[in-house]
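Enquirer: Heads up, the sequence shown is in the working numbering, so the first residue is 238 and it goes up one at a time.
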Amino acid sequence: MTPESGSGWDGETAYQSGGAELRITSTSAEIAPFAELATAATPEGWCRQGMAAYTTGAYEEAVDCYNHAIEEDAVPHHAWFELGAALYNLGRYQEAVEAYDQYLDLSGDDADGWYNRGLCLGMAGQHEEALLCFNEVLTIEPTDTAALYAGAECLERTGELSEAVLWYQELHTLAPDEENAWLREGYDLIRLKQVDLAVACFDHLLSSDGGNQRALLAKAFCLAERGDPDQAFLVYDQILLTDPDCEEAWLEKGTLCKKTGNHQEALRCIEMVLEEHPENERALMERGHLLRLCGTYPEAIRCYREVTARSPENTEAWYLTGHCYASLEKNLEAIDCFDQVLKFGDVGTRGYVGKARCLISMGRFVDALACYEQMIEADPLDETAFYQKGICLVALEREKEALECFNEALELEPLYERAKIERDKILGKIGCFEEEPCCYSEYDLDEDLPNQDEESYGDYGFSDYED
238 MTPESGSGWD GETAYQSGGA ELRITSTSAE IAPFAELATA ATPEGWCRQG MAAYTTGAYE
298 EAVDCYNHAI EEDAVPHHAW FELGAALYNL GRYQEAVEAY DQYLDLSGDD ADGWYNRGLC
358 LGMAGQHEEA LLCFNEVLTI EPTDTAALYA GAECLERTGE LSEAVLWYQE LHTLAPDEEN
418 AWLREGYDLI RLKQVDLAVA CFDHLLSSDG GNQRALLAKA FCLAERGDPD QAFLVYDQIL
478 LTDPDCEEAW LEKGTLCKKT GNHQEALRCI EMVLEEHPEN ERALMERGHL LRLCGTYPEA
538 IRCYREVTAR SPENTEAWYL TGHCYASLEK NLEAIDCFDQ VLKFGDVGTR GYVGKARCLI
598 SMGRFVDALA CYEQMIEADP LDETAFYQKG ICLVALEREK EALECFNEAL ELEPLYERAK
658 IERDKILGKI GCFEEEPCCY SEYDLDEDLP NQDEESYGDY GFSDYED
């Protein structure tokens, strides 16, 4: 989980953190034990056969049975309800919604029907519509805690975190011991930058369960966020004292060590994870990042290569491998890596930036120019791309075109000082001012590859607290 994405549904995991289950009718529960007595002669008989199939996980067969039932004139209402459940379990969420629509039309307001319809809509990514369903449930049953929980998740998914917090607080009044509600409220408060209130949520859990690992990890993150790393370290050590194999605690402690500048201790923490779990990609990435920060590029490359061998589409690993090769002046190898970043469709333009930087180092200005043109095509408002394109054009002695680029950069960012300096150099030459010809080495060809500060590979911190 990332703070940006918000907690809540993630494909098949939707609602599962709250223990939500699709509801079945009491009628279905009652007829299931007598399924062997069913015959296909009536709609009820088809429903009984459908339920028998449903209870054994034969959802396709169940759908067929319910479809037979609803073809009859005297179709029982619950046939639509159970058809929706079978379709839900097959991942056919939109069809399930349509089945629940039929059920609700026939049965009137029914809390279970609205609840299941909401679950289906949530799984289909229609979170605003799902929230309306859970509101309907709460109109009928104001104390329905599952609907409150699911509604809060809808609000998280639509970015309404403050409102989600209010729903969790309402849930606390009805189910004060619901662990996930306290955790998720705390996570939302972190995203809202209200870390003190988040700590209060986690402390509430810890008051009754002092060893709650998720609450401890989240509390440690909050302590670090509010500038108290020493207290955060104490919490991580508390976790590791009782669970020396807790990967998450070692990784989070390592991340915090990195932030506080203790790279050697950070490496030790990461190594503790890799000793037991050498395939842990997050640990491999962190180890590579730390080695890169220490200038140990060949070792860092080996870490990133392990990741790309397992996950060829990991553009972050390809990008950082390319950066290491560029730092070693192995430009061809670096370009191969940046091409992989572009191949797998990395969002943004950093693959082009890295590739262009290497091409410039090799004197291949025309090829570098093509990279910057592709950057501009991808983002016409990128003033840096116009600036760098201008620098390449100066190197190619195409100064009038370069002037246009610097002017474009200044239109986008009037305070872009470097673009102004380069523009004025060209204007000085055009105006016949006495000025020695500029050689390419005088120009700042490119800033270092982006995202190369200490935090360039992910601020993991809170990232993996998702239920």
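Backbone N, C-alpha and C define an ideal beta-carbon position, used for all residues, glycine too.
In whole angstroms, what is the alpha-carbon distance linking Q468 and Q431?
Expert: Position 231 of the sequence shown, counted from the first residue, corresponds to residue 468. Position 194 of the sequence shown, counted from the first residue, corresponds to residue 431. Those two C-alpha atoms are separated by around 18 angstroms.
Enquirer: Judging by CA-CA distance, which residue of T395, G423, M522 and K496 is the nearest neighbour of E365?
Expert: Translated into the one-based positions of the sequence shown, residue 365 becomes position 128. Comparing Cα positions, the closest option is T395.
Enquirer: Out of curiosity, what's the CA-to-CA distance linking C540 and R451?
Expert: Against the sequence shown, residue 540 aligns to sequence position 303. Against the sequence shown, residue 451 aligns to sequence position 214. Cα-Cα distance, rounded: 28 angstroms.
Enquirer: Can you grab the Cα-Cα spacing for the pair W283 / R260, in whole Å?
Expert: Your numbering for residue 283 matches position 46 in the sequence shown. Your numbering for residue 260 matches position 23 in the sequence shown. Whole-angstrom Cα-Cα distance: 20 angstroms.
Enquirer: Within the same chain, show all residues whose beta-carbon is closer than 8 angstroms to that of A412, passing over the 5 residues directly before and after it, in chain order.
Expert: Sequence index remark: in the sequence shown, residue 412 carries index 175 (1-based). Only T382 and A418 meet the Cβ criterion.
Enquirer: Tell me which residues share the same chain as F581 and place their Cβ nearer than 7 angstroms to its Cβ, disregarding the 5 neighbours each side in the sequence.
Expert: Along the sequence shown, read from residue 1 onward, the residue named residue 581 stands at position 344. These residues qualify, in order along the chain: E550 and T552.
Enquirer: What is the rounded straight-line gap between the Cα of P651 and the Cα of E407?
Expert: Taking the first residue of the sequence shown as 1, we reach residue 651 at position 414. Taking the first residue of the sequence shown as 1, we reach residue 407 at position 170. Their backbone Cα atoms lie some 50 angstroms apart in a straight line.
Enquirer: So, for D440: in the same chain, excluding its five sequence neighbours on each side, which residues have a beta-carbon less than 6 angstroms away from its beta-carbon?
Expert: Here residue 440 is taken as the residue at index 203 of the sequence shown, counted from 1. So no residue of the chain qualifies.
Enquirer: With a threshold of 16 other CB atoms inside 10 Å of the CB of E513, please say whether the residue is buried or exposed.
Expert: Counting from 1 along the sequence shown, the entry for residue 513 is found at position 276. That one is exposed.
Enquirer: Give me the Cα-Cα distance between E332 and A389, rounded to the nearest whole angstrom.
Expert: In the sequence shown, counting from the first residue as 1, residue 332 sits at position 95. In the sequence shown, counting from the first residue as 1, residue 389 sits at position 152. In a straight line, the C-alpha of E332 is about 24 angstroms away from that of A389.
Enquirer: Ends of the alpha helix (DSSP H) at K567?
Expert: Numbered from 1 along the sequence shown, position 330 holds the residue referred to as residue 567. Here K567 belongs to no alpha helix (DSSP H), and DSSP marks it neither H nor E.
Enquirer: Jot down the residue ranges of each uninterrupted beta strand (DSSP E) in the segment 451 to 495, minimum 3 residues, whole runs only, in chain order.
Expert: Runs of the beta strand (DSSP E) inside the segment 451 to 495: none found.
Enquirer: Can you say whether V603 is buried or exposed, counting buried as having 16 or more other CB atoms within 10 angstroms of its CB?
Expert: Here residue 603 is taken as the residue at index 366 of the sequence shown, counted from 1. V603 comes out exposed.
Enquirer: At 4 residues or longer, what runs of the alpha helix (DSSP H) sit wholly inside the segment 337 to 368?
Expert: Whole alpha helix (DSSP H) segments, 4+ residues: 348 to 360.
Enquirer: Since Q475 and L442 are thought to touch, with beta carbons under 8 angstroms apart, how far apart are those beta carbons, to the nearest angstrom?
Expert: Your numbering for residue 475 matches position 238 in the sequence shown. Your numbering for residue 442 matches position 205 in the sequence shown. Actually they do not touch by this definition, with Cβ atoms about 14 angstroms apart.
Enquirer: Decide if M599 is buried, meaning its Cβ has at least 16 other Cβ atoms within 10 Å, or exposed.
Expert: Taking the sequence shown and counting its residues from 1, the one referred to as residue 599 is at position 362. Burial call: exposed.
Enquirer: Between the Cα of N353 and those of A322, D425 and Y473, spot the shortest distance and give me the residue it belongs to.
Expert: Here residue 353 refers to the residue found at position 116 when the sequence shown is read from its first residue. Of the candidates A322, D425 and Y473, the one whose C-alpha sits nearest the C-alpha of N353 is A322.
Enquirer: For the putative contact between E518 and R547, defined by C-beta atoms under 8 angstroms, what is the C-beta separation to the nearest angstrom?
Expert: For the purposes of this step, residue 518 is taken as residue 281 along the sequence shown, with counting starting at 1. For the purposes of this step, residue 547 is taken as residue 310 along the sequence shown, with counting starting at 1. About 7 angstroms separates the two Cβ atoms, so the contact holds.
Enquirer: Does DSSP classify E309 as helix, strand or coil?
Expert: To locate residue 309, count along the sequence shown from 1; it is residue 72. Coil, per DSSP.
Enquirer: Spatial neighbours of D349 within its chain, please: C-beta separation below 6 angstroms, excluding the five flanking residues on both sides.
Expert: Reading the sequence shown from its first residue, position 112 is the one you call residue 349. Closer than 6 angstroms at Cβ, skipping near neighbours: R260.
Enquirer: Taking the C-alpha atoms as reference points, what is the distance between E645 and D576?
Expert: Here the question's residue 645 lines up with position 408 in the sequence shown. Here the question's residue 576 lines up with position 339 in the sequence shown. Going by the C-alpha atoms only, they are around 28 angstroms apart.
Enquirer: With DSSP run on the structure shown, which of helix, strand or coil describes Y325?
Expert: Counting from 1 along the sequence shown, the entry for residue 325 is found at position 88. It is helical.
Enquirer: Could you check the C-alpha separation between L579 and L341 for me, to the nearest Å?
Expert: The count along the sequence shown starts at 1 and reaches residue 579 at position 342. The count along the sequence shown starts at 1 and reaches residue 341 at position 104. Cα-Cα distance, rounded: 49 angstroms.
Enquirer: Provide the residue span of the alpha helix (DSSP H) that contains H514, from first to last.
Expert: Translated into positions along the sequence shown, residue 514 becomes position 277. Taken as a continuous stretch (DSSP letters only), H514 belongs to no alpha helix (DSSP H), as it is neither H nor E.
Enquirer: Just the Cα atoms here: how many angstroms apart are L369 and H409?
Expert: As a position in the sequence shown, residue 369 is number 132, starting the count at 1. As a position in the sequence shown, residue 409 is number 172, starting the count at 1. When rounded, the distance between both Cα atoms is 21 angstroms.
Enquirer: Using alpha carbons as the reference points, say which of G294, F458 and G525 lies closest to A486.
Expert: Along the sequence shown, read from residue 1 onward, the residue named residue 486 stands at position 249. That would be F458, whose Cα lies nearest to the Cα of A486.
Enquirer: Given that a residue counts as buried once 16 or more other Cβ atoms are within 10 Å of its Cβ, and exposed if not, what is P222?
Expert: Residue 222 is absent from the structure shown; the chain starts at 238 and stops at 704.
Enquirer: With a 10 Å radius around its C-beta and 16 neighbouring C-beta atoms as the bar for buried, classify G698 as buried or exposed.
Expert: As a position in the sequence shown, residue 698 is number 461, starting the count at 1. The predicted position of G698 is uncertain, since its pLDDT is 29 and thus under 50; no value can be drawn from it.
Enquirer: Buried or exposed: where does I667 fall if 16 or more other Cβ atoms within 10 Å of its Cβ makes it buried?
Expert: By 1-based counting over the sequence shown, the position of residue 667 is 430. I667 comes out exposed.
Enquirer: Could you check if Q625 is buried or exposed, using at least 16 other CB atoms within 10 Å of its CB as the buried criterion?
Expert: The residue labelled residue 625 in the question sits at position 388 within the sequence shown. That one is buried.
Enquirer: If you draw a straight line from the alpha carbon of I427 to that of C494, how long is it in whole angstroms?
Expert: Walking along the sequence shown from the start, residue 427 turns up at place 190. Walking along the sequence shown from the start, residue 494 turns up at place 257. So the two alpha carbons sit approximately 21 angstroms from each other.
Enquirer: Hey, A455 and Y424: beta-carbon distance below 8 angstroms or not?
Expert: The count along the sequence shown starts at 1 and reaches residue 455 at position 218. The count along the sequence shown starts at 1 and reaches residue 424 at position 187. Closer than 8 angstroms, so yes.
Enquirer: Can you tell which of L356, F318, G294 and T293 has the C-alpha that lies nearest to the C-alpha of N304?
Expert: Numbered from 1 along the sequence shown, position 67 holds the residue referred to as residue 304. For N304, the nearest C-alpha among the options comes from F318.
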